[in-house]
Amino acid sequence: MFAKHPHAHATGQDQLVWKILFDRQTALLHRRAAPAFSQGLARLGLRREAIPDIGELSATVFAETGWQLEPVGRPFEPAAFFEFLAERRFPIVTRIRPMHAFDFSPQPDLFHDLFGHVPMLLDEGLADFLHMLGQAYRAQPVGSPAREQLWALYFFTAEFGLVQHEGQPRLYGAGLLSSAGEIHHCVNENTPRVIFDLATVLRTPVTGERYQQQYFVLPAWEQLTECVAELAGMFVTV
0 MFAKHPHAHA
10 TGQDQLVWKI
20 LFDRQTALLH
30 RRAAPAFSQG
40 LARLGLRREA
50 IPDIGELSAT
60 VFAETGWQLE
70 PVGRPFEPAA
80 FFEFLAERRF
90 PIVTRIRPMH
100 AFDFSPQPDL
110 FHDLFGHVPM
120 LLDEGLADFL
130 HMLGQAYRAQ
140 PVGSPAREQL
150 WALYFFTAEF
160 GLVQHEGQPR
170 LYGAGLLSSA
180 GEIHHCVNEN
190 TPRVIFDLAT
200 VLRTPVTGER
210 YQQQYFVLPA
220 WEQLTECVAE
230 LAGMFVTV
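Per numbering that gives the first Met the number 0, the sequence shown starts with residue 0, numbered consecutively.
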């Protein structure tokens with residue numbers, strides 16, 4: 000299912016960055032990534048040789064899940080981002096990080112989105128979770144504290160979440176999957192990795208400008224979708 004044509008606007012330097020990042024991340028993620036990521040990567044046929052064409056990759060993702068990929072020039076504010084999720088569309092930033100930002104990119108880029116997010120979209124549970132978040136965010140009035148809470152939930156799951164698998168915490172958040180520096184920080188024995196608790200996650204401050212101070216670990220993958228009902232009850236009165 001690998002695209003026959005590379006990303007149309009990618010330069011030779013972009014392709015080199017992709018290849019180096021792909022090689023390094025796949026090596027780092029061996030036995031560290033959640034099974035859903037490894038399975039999605041294999042099903043999409045993403046390879047080190049070239050950045051895939053976003054249109055062709057979107058067609059594959061749509062056939063598998065009903066989601067579409069939307070190329071965008073830059074990251075969005077949360078309100079616009081969640082509007083995409085509510086419509087089962089995932090924005091893909093077309094800019095790839097420069098070489099000096101290999102280890103950590105404070106803003107989403109092409110590698111973060113294509114390598115970190117898109118394989119996880121093939122997991123039905125996570126895809127439904129993202130769609131629910133988009134719909135819930137859309138339903139809240141502008142300025143509502145609930146919107147900040149939903150952003151925190153997205154951030155500490157889809158961006159920086161871990162899940163227990165066979166007794167070990169495995170990575171599934173795109174911010175972890177796409178960053179060597181974030182992985183090394185996360186697996187350091189001095190970095191707190193706490194059991195996922197919805198109420199705690201919702202009140203935890205969000206920052207994307209540095210490595211996270213702590214990470215939340217789902218006891219089981221099913222809990223990601225189970226918290227949907229809990230969320231609905233919490234936000235009825237917000």
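Glycine included, C-beta positions come from ideal geometry on N, C-alpha and C.
What did DSSP end up calling residue 91 once you bin it into helix, strand or coil?
strand
Looking at the unbroken beta strand (DSSP E) that takes in residue 168, where does it start and where does it end?
167-170
Does DSSP classify residue 2 as helix, strand or coil?
A caution first: residue 2 carries a pLDDT of 37, below 50, which makes its placement in the model unreliable, though a value can still be read off. Three-state result, residue 2: coil.
Between which residues of its own chain and residue 22 is the CB-CB distance below 7 Å, once the five residues before and five after are set aside?
47
Drop a sphere of 10 angstroms on the beta-carbon of residue 93, count the other beta-carbons inside from all chains shown, and report buried for 16 or more, exposed for fewer.
buried
Cβ-based neighbour list, residue 106, same chain, cut-off 7 Å, excluding 5 preceding and 5 following:
74
By a C-beta neighbour count over all protein chains shown, 10 Å radius and 16 as the cutoff for buried, is residue 119 buried or exposed?
buried
Opposite residue 162 in the DSSP bridges: which residues?
169 and 217
So, using beta-carbon positions, are residue 149 and residue 135 closer together than 8 Å?
yes
Which residues mark the beginning and the end of the beta strand (DSSP E) in which residue 194 is found?
192-194
What would DSSP say about residue 40, mapped onto helix, strand or coil?
helix
Measure the beta-carbon distance from residue 178 to residue 104 and round it to whole angstroms, keeping in mind my assumption that it falls under 8 Å.
7 Å
Identity of the residue in 123, 151, 165 and 190 nearest residue 203 by Cα:
151
If the criterion is Cβ atoms closer than 8 Å, does the pair residue 88 and residue 69 meet it?
yes
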